[in-house]
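Peer 1:
Residue numbers (the working numbering): 19 to 364.
Below, the structure written as structure tokens:
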């Protein structure tokens, strides 16, 4: 069955820039020879590169050697005047969502939950996450909250014995590394917040929920130890605002996919990616790239993922041929149901 769709859109040149030329996408339909050739190519490359036509609508089928997935290209996200690069973002979100479904499930729960993480807690937790792993971040924050269940307790102890209180904070977060510097930043943040409130009340940043994104960035940006990533995480996860944090995994993979120039800093990447990634997929795409960067040999730093498949295999990365997938769609090539070999994630 074919899905016909004509559209006019910008084209991305090989260097990643947008051009003013346009291209019409006529149809997406079956092509059995693509199935044979791409499956063969995937096997020739040790099952690390996923065939070009990868998307949602996957149905698991049995195989004597490894999981094989039957898939049919879903072009429901392609509509009139969709920027060319936006198609790549959508394909990446859909294909990674199929590979890491637990990420989508967690985000759905986060969006539905009425129990929002406190803004100040999110800011402190994200400050702890810099240059360390998620596991150590969670442990350090848990230790800190066990020591000071309420930030007011910390404020009161700082008034009594400042040195001893700081030592307790440092000991609690030691596992995350850079404990002395992080302690300075965290204590300064909480003290400053407390000074702006009525004495004896719990320090809080919940009032930020009523401010605009720019006002929040301006306020939080004044604190040492709080950079664009921390602010972006507060906006996205605590306030559920459409923002796209850029961590080391997102930065590395975005450069690999040529979504940003190879010499871009995190700050430059943050500005550019937030201006072009659709708001409705920012949370999912961010979380998927972070997770994928920790599991995929093709996308991990130096080809060494933090959490490779336990059976010693490698994931078939759906991002390797992302640009060619989008280009085939833009040029009106025939894509169809393809047998895709995908190795188990765990």
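Using N, Cα and C, we set each Cβ at its ideal position, and we do this for glycine too.
Do residue 191 and residue 238 have their beta-carbon atoms positioned less than 8 angstroms apart in this structure?
Peer 2: On the chain shown, residue 238 is found 220 positions in, with the first residue counted as 1. On the chain shown, residue 191 is found 173 positions in, with the first residue counted as 1. No, the pair does not count as a contact, with Cβ atoms beyond the cut-off.
Peer 1: Shorter than 7 angstroms, the distance from the beta carbon of residue 127 to the closest heavy atom of the ligand HEM, or not?
Peer 2: No copy of the ligand HEM appears in this structure; indeed no ligand is present at all.
Peer 1: DSSP three-state call for residue 314: helix, strand or coil?
Peer 2: Within the chain shown, numbered from 1, the residue matching residue 314 stands at position 296. Of the three classes helix, strand and coil, the one that applies to residue 314 here is coil, per DSSP.
Peer 1: In its own chain, which residues sit with a C-beta less than 6 angstroms from the C-beta of residue 260, not counting the 5 before and 5 after it?
Peer 2: Numbered from 1 along the chain shown, position 242 holds the residue referred to as residue 260. 297 and 300, listed in sequence order.
Peer 1: By the 10 Å Cβ neighbour count, where 16 or more other Cβ atoms means buried, how is residue 132 classified, buried or exposed?
Peer 2: On the chain shown, residue 132 is found 114 positions in, with the first residue counted as 1. Flag for residue 132 reads exposed.
Peer 1: Assign residue 183 to one of two classes, buried (16 or more other C-beta atoms within 10 Å of its C-beta) or exposed (fewer than that).
Peer 2: Counted from its first residue, the chain shown places residue 183 at position 165. Classification of residue 183: buried, given that the 10 Å Cβ count is 16 or more.
Peer 1: Using 8 angstroms as the limit for Cβ to Cβ distance, is residue 221 near chain B?
Peer 2: Although the question refers to chain B, the structure presented lacks it and comprises just one protein chain.
Peer 1: Run through DSSP, which three-state label would residue 305 get?
Peer 2: The residue labelled residue 305 in the question sits at position 287 within the chain shown. DSSP places residue 305 in helix when its eight states are reduced to three.
Peer 1: In the structure shown, what three-state DSSP assignment does residue 168 receive?
Peer 2: The count along the chain shown starts at 1 and reaches residue 168 at position 150. Coil.
Peer 1: Closer than 6 angstroms by C-beta to residue 284: which residues in its own chain qualify, once you throw out the five before and the five after it? Chain order, please.
Peer 2: Indexing the chain shown from 1 puts residue 284 at position 266. For residue 284, where only same-chain residues beyond five positions count, the Cβ hits under 6 angstroms are 264 and 269.
Peer 1: To the nearest angstrom, how far is the alpha carbon of residue 251 from that of residue 305?
Peer 2: Start at 1 with the first residue of the chain shown, and residue 251 comes out as number 233. Start at 1 with the first residue of the chain shown, and residue 305 comes out as number 287. If I take the Cα positions, the gap works out to 11 angstroms.
Peer 1: For the putative contact between residue 248 and residue 141, defined by C-beta atoms under 8 angstroms, what is the C-beta separation to the nearest angstrom?
Peer 2: Your numbering for residue 248 matches position 230 in the chain shown. Your numbering for residue 141 matches position 123 in the chain shown. Contact flag correct, Cβ pair sits at about 6 angstroms.
Peer 1: Compare the C-alpha of residue 242 against each of 347, 127 and 202 and name the closest.
Peer 2: If you number the chain shown from 1, residue 242 lands on position 224. Selected option, being the one with the closest Cα: 202.
Peer 1: If you compare alpha carbons, which of 172, 181 and 193 is closest to residue 211?
Peer 2: The sequence position of residue 211 within the chain shown is 193, counting from 1. Ranking the options by Cα distance to residue 211, first place goes to 172.
Peer 1: Does the distance from the CB of residue 194 to the CB of residue 150 come in under 8 angstroms?
Peer 2: Walking along the chain shown from the start, residue 194 turns up at place 176. Walking along the chain shown from the start, residue 150 turns up at place 132. Contact: yes.
Peer 1: Is it a yes or a no for the stretch 165–181 touching the stretch 212–221, going by three-plus beta-carbon pairs under 8 angstroms?
Peer 2: Contact holds: three or more Cβ-Cβ distances are below 8 angstroms.
Peer 1: Rounded to the nearest angstrom, how far is the Cβ of residue 303 from that of residue 111, given a contact under 8 angstroms?
Peer 2: Position 285 of the chain shown, counting from 1, holds the residue named residue 303. Position 93 of the chain shown, counting from 1, holds the residue named residue 111. So it is a contact: roughly 5 angstroms between Cβ atoms.
Peer 1: If you draw a straight line from the C-alpha of residue 291 to the C-alpha of residue 280, how long is it?
Peer 2: Residue numbering aside, residue 291 sits at position 273 when the chain shown is read from its first letter. Residue numbering aside, residue 280 sits at position 262 when the chain shown is read from its first letter. Looking at the two C-alpha atoms, the distance is approximately 14 angstroms.
Peer 1: With DSSP collapsed to three states, give me the class of residue 322.
Peer 2: Reading the chain shown from its first residue, position 304 is the one you call residue 322. Three-state result, residue 322: coil.
Peer 1: According to the neighbour-count rule (16 or more other Cβ atoms, all chains shown, within 10 Å of its Cβ), is residue 262 buried or exposed?
Peer 2: Reading the chain shown from its first residue, position 244 is the one you call residue 262. Per the 10 Å Cβ criterion, buried.
Peer 1: Going by the CB atoms, is the gap between residue 341 and residue 106 shorter than 8 angstroms?
Peer 2: Start at 1 with the first residue of the chain shown, and residue 106 comes out as number 88. Start at 1 with the first residue of the chain shown, and residue 341 comes out as number 323. Yes, the Cβ-Cβ distance between residue 106 and residue 341 is below 8 angstroms.
Peer 1: Beta-carbon within less than 6 angstroms of residue 128's beta-carbon, same chain only, minus the 5 sequence neighbours each way: which residues are those?
Peer 2: Position 110 of the chain shown holds residue 128. Correct list: empty, nothing qualifies.
Peer 1: Per DSSP, what kind of secondary structure is residue 118 in: helix, strand or coil?
Peer 2: Position 100 of the chain shown, counting from 1, holds the residue named residue 118. Three-state result, residue 118: coil.
Peer 1: How many Å lie between residue 109 and residue 207 at the Cα?
Peer 2: Taking the chain shown and counting its residues from 1, the one referred to as residue 109 is at position 91. Taking the chain shown and counting its residues from 1, the one referred to as residue 207 is at position 189. Distance between the alpha carbons of residue 109 and residue 207 is about 40 angstroms.
Peer 1: Tell me which same chain residues have a C-beta within less than 8 angstroms of the C-beta of residue 231, skipping the five on either side of it?
Peer 2: The sequence position of residue 231 within the chain shown is 213, counting from 1. Closer than 8 angstroms at the Cβ level, and outside the excluded window around residue 231, lie 253, 259 and 261.
Peer 1: Just the C-alpha distance for residue 311 and residue 286, rounded to the nearest angstrom, thanks.
Peer 2: Working through the chain shown from its first residue, we reach residue 311 at position 293. Working through the chain shown from its first residue, we reach residue 286 at position 268. Roughly 20 angstroms separates the two Cα atoms.
Peer 1: In whole angstroms, give me the CA-to-CA distance for residue 56 and residue 113.
Peer 2: For the purposes of this step, residue 56 is taken as the residue at position 38 of the chain shown. For the purposes of this step, residue 113 is taken as the residue at position 95 of the chain shown. With a pLDDT of only 37 at residue 56, under the threshold of 50, the placement of this residue in the model should not be trusted, and no figure is reported.
Peer 1: In the DSSP assignment, find the alpha helix (DSSP H) that holds residue 142 and state where it starts and stops.
Peer 2: Position 124 of the chain shown, counting from 1, holds the residue named residue 142. Here the alpha helix (DSSP H) through residue 142 covers 137–147.
Peer 1: Between the Cα of residue 163 and those of 235, 313, 271 and 186, spot the shortest distance and give me the residue it belongs to.
Peer 2: As a first step, residue 163 must be located in the chain shown, where it is residue number 145. Selected option, being the one with the closest Cα: 186.
Peer 1: Indicate the three-state DSSP secondary structure (helix, strand or coil) for residue 162 in the structure shown.
Peer 2: Residue numbering aside, residue 162 sits at position 144 when the chain shown is read from its first letter. Of the three classes helix, strand and coil, the one that applies to residue 162 here is helix, per DSSP.
Peer 1: Can you round the beta-carbon distance between residue 224 and residue 136 to whole angstroms, since I take them to be within the 8 angstroms contact cut?
Peer 2: The residue given as residue 224 occupies position 206 in the chain shown. The residue given as residue 136 occupies position 118 in the chain shown. So it is a contact: roughly 7 angstroms between Cβ atoms.
Peer 1: Mind checking which residues open and close the alpha helix (DSSP H) that includes residue 189?
Peer 2: By one-based count along the chain shown, residue 189 stands at place 171. Here the alpha helix (DSSP H) through residue 189 covers 180–191.
Peer 1: With the cut-off set at 8 angstroms, would you say residue 222 and residue 346 are in Cβ contact?
Peer 2: For the purposes of this step, residue 222 is identified with residue 204 of the chain shown, where counting begins at 1. For the purposes of this step, residue 346 is identified with residue 328 of the chain shown, where counting begins at 1. Contact flag unset, no.
Peer 1: Since residue 278 and residue 307 are thought to touch, with beta carbons under 8 angstroms apart, how far apart are those beta carbons, to the nearest angstrom?
Peer 2: Along the chain shown, read from residue 1 onward, the residue named residue 278 stands at position 260. Along the chain shown, read from residue 1 onward, the residue named residue 307 stands at position 289. About 12 angstroms; that fails the 8 angstroms criterion.
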